[in-house]
Each structure stands twice: as structure tokens, then as C-alpha cells.
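To start, the structure under review is shown below, and the notes come after it.
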Amino acid sequence: MLLIDNILYPKALLLLGAASISFLWLVYFLYTTLKQGLHTLKVLYYPYVIYMIFIILWILSNTYFHTELLIINGEQWAISMAKAANIFSYMAFSSAFHFSCRLISDNKNNRIKLWQFLLIVLFTPYAIYVNFLDNYTVTYVDIFSPSHFTIHFGSGTPFFFSTLILFTSLSILNLFNFRRKTDNKIKHIKSMYMSVGIIVFMISTASIHIFSTYIFHDFSLTWLPPVLSITELLLMGYAALFYRFYSWHYLFYIATTALLSVITLFLPIFIINSLLHIDNISFVLAWCLFYGLIIHKIWLFFSQYSSLFIYGEKNIPSKKILALSNDFQSSPQKALDSLTQLLNIERNKIKITSNIDSKEIYENYIHRYNPILVFDELVQYMKSFNDRDINIIYEHMSKNENAVVIPLYDDHNSISQLFISPHKNDGSLYSNEEINALQKLLKNAQTYINYQSRINQSQVMAKSIAHEMRNPLAQVQLHLENLANFGSNISLPTEIKNEIQRGIDAVQHGNQLIDIILREVNQTLINYQNMATFSITKLLNLAVNDFAYESEEKKTRVSIKSSIDFQVHVNKTLFDFIIFNLLRNAIYYFDSSPQSRIDIELTSGLKNNQLHITDYGPGIEPQIIHRIFDEFFTYQKKGGSGLGLSYCKRAMKLFGGDIQCQSVYGEYTRFTLTFPHVTQEALQTQPQMNESEIPIPERSKSTHAVSINQKQRIALVTDDNSTQRALAKLYLESLQFTVYEAVNGKEAVDMVRHHPIDIIFMDVQMPVMDGLKACRLIKETHPTLPIIALSGESGDDEIAQIRTTMDGWLIKPTTKQLLEQTVLKWLYVDDPQAIDHVNQAASQPI
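In terms of this note's numbering, the sequence shown is residues 6 to 851.
See below:
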């Protein structure tokens, strides 16, 4: 306890803290280096280890002058400690020079040059000798109090101090040569780290320990260079040990925050000790304990202002990256777009892939060496490890211009996907704080990314199923249409005609269900495009009437009970999907609950407007109602994807509103859709009904037909499926068209060159030549020839290409009415009767 009382001074505590940090760093450095192999330590790093040892001893010898021991032990001890400090500082400086020489050495095993070796061999015995001689470097010491003393120097001091300056200058020169000799970005940063550490240390030591003490005899700041020596110690060691570095902005931010926090710790102790003349160990211990409890809040408080000073805003870039976790929940693509801006990367270059080949290439490296791949680090690993896998990865990353690869894991801790980011636009390296933030972000967003992966898999599967299902449905539809045509020429009983019509309606019902399923899994529809202002009453009536009911009886159990109206700013397709999904979920229980019904009501309030859909079916059990909007959650519904309600939630959030659920088990379930009041600006935005801008083409349920009494026209139907061609041909011929057929895009191009074609109906996915390429070639020679996509595509990329390449879009198998409307739109625009019909058809319930 007596010893503690003797050293309990602020400056002494600060120096002891610096020595402790240095010792811990020494242990960590040795542990990490030995893991890489003893050879590296023997040929390169051992001078740095010696340097650390003498830095610690130098700090401890300086600590002595700021404790009560200086008074107790007297002048002779002070002289001995001053000389010891000189020897320790010299050994540290010479070891740093030795390390810098080995670092830039091109010789085998990093051997230093002869003149460098001679400098160390000649000056080291001299430095030790002159400090052991009496009255040569330190003559005597005037002692007044702890931290208040004066050291008197002998005649050999100038030359001794000159050796320290010489070694420091040569070390800096070595590091600048190290930077100049290489074009490797990592080595550039290594040299910069080491140079900054040495420069800070040299300036503080030269200005205080040499000029202030030797020339001006001012020893009040002698504690500062030993504290600042940590800068050199850590920066040099960190640069030697690692290949990944923090940015200077981030280091200044951390240093500023740490400095302010340390000042907050020691300032009260200094005030109590110096101004109030209270020397109480109990107060110091109590304050340190209290400070430890609130240090997190203190750090957060100062970090905001440090960030504001260095970055110009309260959140540092790495925190902004971490904040994107919530964006991944609502829209992974939106989160990736924000990430490209924060990292200064070209848009759409970041990708998350589950490519099996890529995973196999990277997996061995990730498990053996590093959980994160950074392209510039691989060069260093290629030199350290003679591993064929590393060379393969390097070539793969170089070929694909990948800068960072981070693995994502599934529930079984196996690599499921890879996050791949390209090089930055300005060519700079990814900083360590950016990589750490990316790793934490991807870990936090792993659940949402896995959901997106499952959604993508569902999209692929749904598209495949839809394609397979549409073809047999098209065959059934074709046969039924042929029967209907055959029946129109002969007298058939009404019952048979009704059955044929019911069959045609059933096929349309099946196709509509396929459309709904594709919309449900097609998460890419969540975007801000195609938003417009609509009357909720008109929009709701259209959606309710358009729903594919299995029977007229079930339709009568759905009623809209509201006389009010309000405006909503929505995407029509997404709104329809929400209504379809809620109706489908409720109607699912009609058979098991014969008395159930669905009531739809509208309410308007001061803060928002609401749409209530109440079904009086079985209700939802209280223990699971809070989960119904979770991704992939299903309950008592066989074959459900679990995507519907979560997708509805995301769509309503897109509209600026929300969806909530109330249920009393055994009585009813009520979904409440909340819409914000539409602003004046949104009211001025009229809904755009341009067919090419509707994300998913609608199916017409209109049964009336209009005769086209014009000159005979020629249409070209291009599809690799004969049934789809036959069905479209049947409808077009009933509209008095001459119809040519082509089985792929190449045949369509040739057909246009040799025949006068008025309109083309073109599939997209076809062998030999796809529809998009064929369309571009045809437009080169026939720019005004209308080409209408006749396809079942649902992917975002395919939809975008159809919009920009073709003139219109019909989903297959189409109907006679939609073909008729399309023909009227593109070929009879000058006919008033046709224009009137198009307007009439557009106003019909879909």
C-alpha cells in the first residue's frame, strides 16, 4: 500500500498505463508472429521485439521521475535512472533503425547492408560506455518534488543525442525508400503507418527530451515522449503484422474520442489533487470505478462530436454501413444501391451470388486462411504460402475484377452465398473499418438475404411451373375454342354450349391463378415506379370484380358496404395483388365455414384513411397472430408459400401506409389497410394506363366482340410452341386476318423481309434466336411495324427488356378480346368507331 501511495500521481499513472499497453502489445505481437512461424520472427521481426522491450523499459525509467520515489531515494538514484533512460532510449532507436533496414532489404533472409551493420556495432558500445561514465551525459539532478526536477548534462551529451537523431532520420529515410520502391498499395500504406509513428515519436522526443531539457532546462513535459512512443510502437507493429488497415480519418476519429475520454478521466483527479490539495486514494479508486460504469456513454457522447469534426457529420461511414440492416429487410436491392454510394463503387456492381463454382473456389481459402477475401491481400499470401488454391483464387478475382469476397452462412454454418464487391472507383483500398462493417452488416442481414435467396428460388420454380402449366392449359383452351366454333356452325343443345363456355372460363381462371402466384413470388415488383393517384372506390370495385372466383355463389358472399370515397397514391398492380391475396386467404375457408362472408368497408379520418376487410370465418389463434406478416410463415393452409402477407406488408409500406390484423378466434378476422392522405402534388399526378408501363399485363374478362370491317390484314405469330401459335392464329383468323407462323426469331426476321406484315405477335424465349433480338433486327428495317410480346415472362429483367424493346405486351395464352383490343389500338387508330371501342374496353372491369 505504501508503494501505491508513492506512485499515485497522474503523470505516473499515465506512464504506467502506457507501459502496460506496450507490454500487452508485445505479448500479442509475439503470439501472432509465432503462429505464422518462427522463421519470420528470426529473419525480420526480432529487431522490432527488441525495440518494444526497450521502449517499455524507457517508459518505466521515465515514470520514476513522476513519483514520490524521486524524493525518497535522492539524487544518486535519480542520476542512475536518468542514465538508464538514456541507454534504453538509444537501444529502442537503434532497434527501430535495424528493423527498418531489414524491412527494405533485398538480400537473402532480409540481411542488412554492411554500413548499416557497422553503424549499429560502433555506436552501441559507445552509447553504453558514455552513460556509465561519471559526469559525461548526466552530471547531477536537482530534485524539488515529483515531476519537478532538473537534470544537468555533461560534455558527451550532444554527440549522444546526435546518434539518436541520426538513427531516427535513417529509419524515416528507409521507410520512404520502401514506399518509393514498390507499387504495391498495401506496402505503401505500411510505410505510411510506420513513417507517421516514427515522425510523431521523433518530433516529440527531439523537441522535448533534447531541446527543451538540454537547451532550455525545462523538464515539465518529459513524460510526453514516452506516452507518445505508444504511437510508434503500435503503428509500426500493426503495419508489420497486418495487411488490412484503418483509414486515417477513422484513426483520427478514434484518437480524438479516446483523448477526450482520457481527459475526462484524469481531469477530476488533477483538480482534486492539485487545486484542492487533497491526496486521497479512496477518491481516485471511487472515481475510476464510477468512470468505468459510464465510460460507454462518455465514449458515445464524444464520438458524435469527433465524427462531426473529422467527417462533417455525426455518423461515421462505417456506422452508416451498419445502419443498412433495416434496408435489407424492406428491399435488399435498395440496400445494395445505398452501399455502393457509401463505398464509392459503380452502381449495380455489388452482387450476392450462390454460384456453386465460385463457392468451391473460395471455400478452402476461407476455412484455412481468412474468413474474408481481399484481392490486394492475396498478393501477400501468395508470397507467404506456396498454395495452388491461392493462385487460382487470385486469377479468378483478377479476371472478374473482384476486390472483396465475404461468405454468407446458412443455418448449418455452411457457406450458402457470397457477397462480392468490385474495386472502388478511385482505386483506393477497402479500409479495415469498412470491411468490419460489411461483415457485421451481412451477419445482421443474413436472415433477410436468405429470404431473398429463397424468394429467387421460388421465382425460378414458379416461372418453370407456370411455363409448364400454360402449355397444357393452352391446348385445352384451343380445343374448347374449336368446339365453340364448331358448335356455332351446327345446332348444339344449350347445355353443351354452356359446358364449353364453363370450360373456357375455367381455363381463364387457371391462367389467372398462375398470374397471381407469379406476382406473389415476384418480389422485384416492390419499387417506386408506376405510382399514381386513384379513387379507392373505383380501384376496389375493379379488383373485387376481377378476382378469379371459383363460382358465382362465392362471389355473392363478398360485399362492399361503404358509400364514402377517398384518393390513394398507389401502384395499381400491387394494390390488386393485396386485395387478391386477402380475398384468396379468406375464401379458402368458405367450404369449411358455409356461413362465412367477407365485408369490405371504407373509413376516413383526420390523420389517415382506412380500408377494412373482415371475413367471418374461423379467425386466427391469439398465439400466432403476431407472426402472420413474417416471411415464409404459413398456418393451416396446405401448399402456401408464406410470402403473401409479408409481401402485402412491404407493398403497403411502399404506399406510405400499413396493414394490420385483428382477430377473435372462432368469430372473425379483420385486416385494416391504412393509407395516408394524398397530397396536392400527388393529386395532380394522373394514372398512366399505357400498356407498356404496366408491370404485369392484365387479363380481360370481357366477352363482347367487335367486328372489324376493314381491308384484310396480315399478322405474324412467332412462338416455338405449336399450341400457342395455333390458339393465336385461331383468334386472329376469326378477326379476318391472314396469319403467318414462325417457330423462332430468325424465321420471323426472314418472314418480314419477304412478306408484307401488318403486326407481329412475338414470344420472348425461343431457340435459335430469341424474340428480343429478332425485334431489334426487324426494327432496323421496319421501325414502324408494331411488335407485341406474347409471353409469360415475370422476371424484372425480362419485363424491363420487353418494355424498352417491344411496342406492347400480352400474356400467353391470351384471349380473343385482348388480341382484338391490341389490333384496334395499333392498326385502326384512324377509325372513330375503333377508338370509341378502345376507350370502352379500357373502362370495362378487368
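Here a beta-carbon is modelled for each residue, glycine too, at the ideal position from N, C-alpha and C.
The model shown is predicted, which means the values in this text are computed figures rather than measured ones.
For residue i, the first and last residue of its enclosing beta strand (DSSP E)
i           : result
residue 620 : 613-620
residue 814 : 813-816
residue 561 : Residue 561 -> not in any beta strand (DSSP E); alpha helix (DSSP H) instead, spanning 557-561.
residue 746 : 742-747
residue 606 : 603-609
residue 574 : 572-576
residue 771 : Looking at the DSSP string, residue 771 is not in any beta strand (DSSP E), and its letter there is neither H nor E.
residue 795 : 792-796
residue 764 : 764-767
residue 434 : Run containing residue 434: none; DSSP gives neither H nor E here.
residue 674 : 673-681
residue 718 : 718-723
CB-CB length for residue i against residue j, believed under 8 Å
i           : j           : result
residue 622 : residue 679 : Residue 622 to residue 679, Cβ: 23 Å. No contact.
residue 252 : residue 436 : 4 Å
residue 606 : residue 670 : Incorrect: roughly 22 Å between the Cβ atoms, too far for contact.
residue 52  : residue 104 : 4 Å
residue 754 : residue 794 : Their Cβ separation, rounded to whole angstroms, is 16 Å, which puts residue 754 and residue 794 out of contact at 8 Å.
residue 540 : residue 570 : 6 Å
residue 543 : residue 595 : In fact, because the Cβ distance is near 26 Å, the residues do not count as touching under 8 Å.
residue 257 : residue 194 : The Cβ separation is near 15 Å, so there is no contact.
Residue range of the unbroken alpha helix (DSSP H) whose run includes residue i
i           : result
residue 427 : No alpha helix (DSSP H) contains residue 427, which is instead part of the beta strand (DSSP E) from 420-427.
residue 399 : 393-405
residue 663 : No alpha helix (DSSP H) contains residue 663, which is instead part of the beta strand (DSSP E) from 663-669.
residue 128 : 119-137
residue 310 : 286-315
residue 539 : That residue, residue 539, is in no alpha helix (DSSP H); its beta strand (DSSP E) goes 536-540.
residue 232 : 229-246
residue 730 : 727-739
residue 819 : It is not in any alpha helix (DSSP H) - residue 819 carries neither H nor E in the DSSP assignment.
residue 862 : Because residue 862 is not part of the residues shown, which for the chain are 6 to 851, the question remains open.
residue 566 : Counting along the chain, residue 566 falls outside any alpha helix (DSSP H), and DSSP gives it neither H nor E.
residue 753 : 750-759
residue 777 : 776-786
Cβ neighbour criterion (16 or more within 10 Å) applied to residue i
i           : result
residue 57  : buried
residue 305 : exposed
residue 33  : exposed
residue 293 : exposed
residue 654 : buried
residue 477 : exposed
residue 767 : buried
residue 499 : exposed
residue 412 : buried
residue 99  : buried
residue 695 : With a pLDDT of only 39 at residue 695, under 50, the local geometry of the prediction cannot be trusted, and no value is derived from it.
residue 705 : Confidence at residue 705 is low in this model, with a pLDDT of 40, below 50, so its placement is unreliable and no value can be given for it.
residue 408 : buried
residue 646 : Low confidence applies here, because residue 646 scores a pLDDT of 43, under 50, leaving its location unreliable; read the following figure in that light. By the neighbour-count rule (16 or more Cβ atoms within 10 Å), residue 646 is buried.
residue 693 : At residue 693, the pLDDT of 42 sits below 50, so the modelled position is not reliable; the number obtained from the coordinates is stated separately. So residue 693 counts as exposed.
residue 291 : exposed
residue 23  : buried
residue 761 : exposed
residue 631 : exposed
residue 422 : buried
residue 650 : buried
residue 466 : exposed
Discussion item. Extract the residue ranges of the alpha helix (DSSP H) inside the region 139-220, only unbroken runs of 4 or more that lie entirely within it.
Written reply: Counting only runs of 4 or more, we get 162-185, 190-209.
Fill in: Cβ contact check for the region 140-153 and the region 72-87: 3 or more pairs under 8 Å
Yes, the region 140-153 is in contact with the region 72-87.
Fill in: contact_flag[the region 34-41, the region 76-91] where n(CB pairs < 8 Å) is 3 or more
Using a C-beta cut-off of 8 Å, the region 34-41 makes no contact with the region 76-91, since fewer than three inter-stretch Cβ pairs fall below that distance.
Worksheet item: If we count Cβ pairs, one from each stretch, closer than 8 Å, do we get three or more for the region 779-795 versus the region 806-813?
Response: Short answer: they touch.
Fill in: alpha helix (DSSP H) runs wholly inside the region 6-85, at least 4 long, in chain order
Runs of the alpha helix (DSSP H) spanning 4 or more residues and lying entirely within the region 6-85 occur at 7-12, 15-41, 51-68, in chain order.
Worksheet item: Hey, is the region 821-830 in contact with the region 733-742, meaning 3+ C-beta pairs nearer than 8 Å?
Response: In this structure the region 821-830 lies against the region 733-742, because at least three pairs of beta carbons, one per stretch, are closer than 8 Å.
Worksheet entry | Within the region 344-386, ranges of the beta strand (DSSP E) (whole runs, at least 3 residues) | Within the region 344-386, the beta strand (DSSP E) runs of at least 3 residues that lie entirely inside it are, in chain order, 356-358.
Fill in: At least 3 beta-carbon pairs within less than 8 Å: the region 719-731 vs the region 744-762
Of all C-beta pairs linking the region 719-731 to the region 744-762, three or more are shorter than 8 Å, placing the two stretches in contact.
Worksheet item: Touch check for the region 318-338 and the region 447-454: three-plus C-beta pairs under 8 Å?
Response: With the rule of 3 Cβ pairs closer than 8 Å, the region 318-338 counts as touching the region 447-454.
Worksheet item: So does the region 236-244 actually touch the region 21-37, counting three or more Cβ pairs closer than 8 Å?
Response: Below 8 Å, enough C-beta pairs join the region 236-244 and the region 21-37 to call them touching: three or more.
Discussion item. Whether or not the region 262-275 and the region 57-67 are in contact is what I'm after, with contact meaning three or more pairs of Cβ atoms, one per stretch, closer than 8 Å; do they touch?
Written reply: No, because fewer than three Cβ pairs between the region 57-67 and the region 262-275 fall closer than 8 Å, the two stretches do not touch.
Worksheet item: Contact between the region 311-318 and the region 422-435: three or more CB pairs below 8 Å?
Response: Under the 8 Å Cβ criterion, the region 311-318 does not count as touching the region 422-435, having fewer than three qualifying pairs.
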